[in-house]
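Worksheet: one structure, shown below.
2 protein chains.
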Amino acid sequence: MVNVELLQAPAAVECCAPPARQALAADGAEKLAKTLKAIADPARLRLISMVAAHDDAEACVCDLTEPLGLSQPTVSHHLKVLVDAGILSRDKRGTWAYYRLVPGALDALAQSVVTV
Amino acid sequence: MVNVELLQAPAAVECCAPPARQALAADGAEKLAKTLKAIADPARLRLISMVAAHDDAEACVCDLTEPLGLSQPTVSHHLKVLVDAGILSRDKRGTWAYYRLVPGALDALAQSVVTV
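From first to last, the protein sequence lines stand for chains A and B.
For reference, each letter of the first sequence is one residue, going 1 to 116 in the UniProt record's numbering.
For reference, each letter of the second sequence is one residue, going 1 to 116 in the UniProt record's numbering.
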């Protein structure tokens with residue numbers, strides 16, 4: 001049998017004054033940590049930076065490999081991590097994939113860091 | 001025999017127009033990645049958040065252990081990583097260590113993310 005009183009109890013409990021600022025909850029922390037991990041890598045930071053610095057803020061994977069001194073599969077892996085994290089977008093045109101910064105993605109991440 | 005022409009060649013080469021925005025150099029990327037790695041962890045993000053939300057923005061390690069559900073040595077380890085990264089400062093008073101956010105540290109990190 002379901003105990004209705006127990007199910008309703010949490011809403012009625014007022015044990016503590018609310019803190020001046022709400023601390024980050026576990027699920028929010030997991031999500032933010034995941035995105036931060038995606039960019040917390042020297043090669044990936046340089047890829048983001050190179051894409052942003054490129055003409056039209058768009059870069060072909062073929063332009064990103066040589067300056068980093070990494071193999072194309074390694075660069076493609078790093079780019080995939082950044083796409084999966086919502087930092088870069090990918091557009092396949094013909095032989096090559098082209099990458100752009102997702103508008104506002106870095107700003108939103110920076111805002112999350114400041115208000116953690 | 002050393003080929004002087006080859007050694008001098010790179011300075012004379014002008015192959016490309018400079019990029020509109022300067023891409024992040026390798027050493028800058030290493031340094032930023034290291035600081036981002038320090039905060040790219042759910043427990044450490046929650047610790048930063050709990051310290052910031054605490055009365056007077058200062059928290060004793062004794063107040064941080066129970067809400068996280070981690071052992072005190074584990075929490076102390078995470079706090080040390082954050083102190084070493086320049087995010088928190090530590091003040092030992094009597095039995096306990098007290099932690100504060102380093103003023104401006106998160107703002108500076110956020111700024112680095114936006115201008116990567």
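A virtual CB, placed ideally from N, CA and C, is assigned to each residue, including glycine.
These figures come from a predicted structure and were not determined experimentally.
Candidates the options: which alpha carbon is nearest residue i's?
i	options	result
B/Gln22	A/Pro42, A/Thr35, A/Val51, A/Lys31	A/Val51
A/Gly104	B/Thr115, B/Val83, B/Ala59	B/Thr115
B/Pro42	B/Gly69, B/Asp107, B/Asp84	B/Gly69
B/Glu58	B/Arg93, B/Ala108, B/Ala33	B/Arg93
A/Leu106	A/His78, A/Thr35, A/Val61	A/Thr35
B/Lys31	B/Trp96, B/Thr95, B/Asp84	B/Asp84
A/Trp96	A/Glu66, A/Val61, A/Ser71	A/Val61
Kindly give me the distance between the Cβ atoms of residue i and residue j, rounded to whole angstroms, as I take these residues to be in contact under 8 Å.
i	j	result
residue 143 of chain A	B/Ala40	The first residue shown for chain A is 1 and the last is 116, placing residue 143 of chain A beyond what the model contains.
B/Leu82	B/Val75	Not quite, the Cβ-Cβ distance comes to about 11 Å (not below 8 Å), so this is no contact.
B/Val113	A/Ala110	5 Å
Are there any heavy atoms of the ligand NAD lying less than 7 Å away from the beta-carbon of residue i, as far as the coordinates show?
i	result
A/Tyr99	Of the ligands one can find in the structure shown there are none, so the ligand NAD has no counterpart to examine.
Exercise for the section: Could you pull out every unbroken alpha helix (DSSP H) segment of at least 4 residues lying fully inside the UniProt domain "HTH arsR-type" (24-116) of chain B, listed in chain order? Expected result: For the UniProt domain "HTH arsR-type" (24-116) of chain B, whole alpha helix (DSSP H) runs of length 4 or above, ordered along the chain, are 26-39, 42-53, 61-68, 72-84, 105-114.
Practice task
Decide yes or no for the touch test of the segment 37-57 of chain B against the segment 23-43 of chain A: beta carbon pairs closer than 8 Å, at least 3 of them.
Solution key: yes
Practice task
Determine contact between the segment 96-106 of chain A and the segment 75-88 of chain A, defined as no fewer than three beta-carbon pairs at a distance below 8 Å.
Solution key: yes
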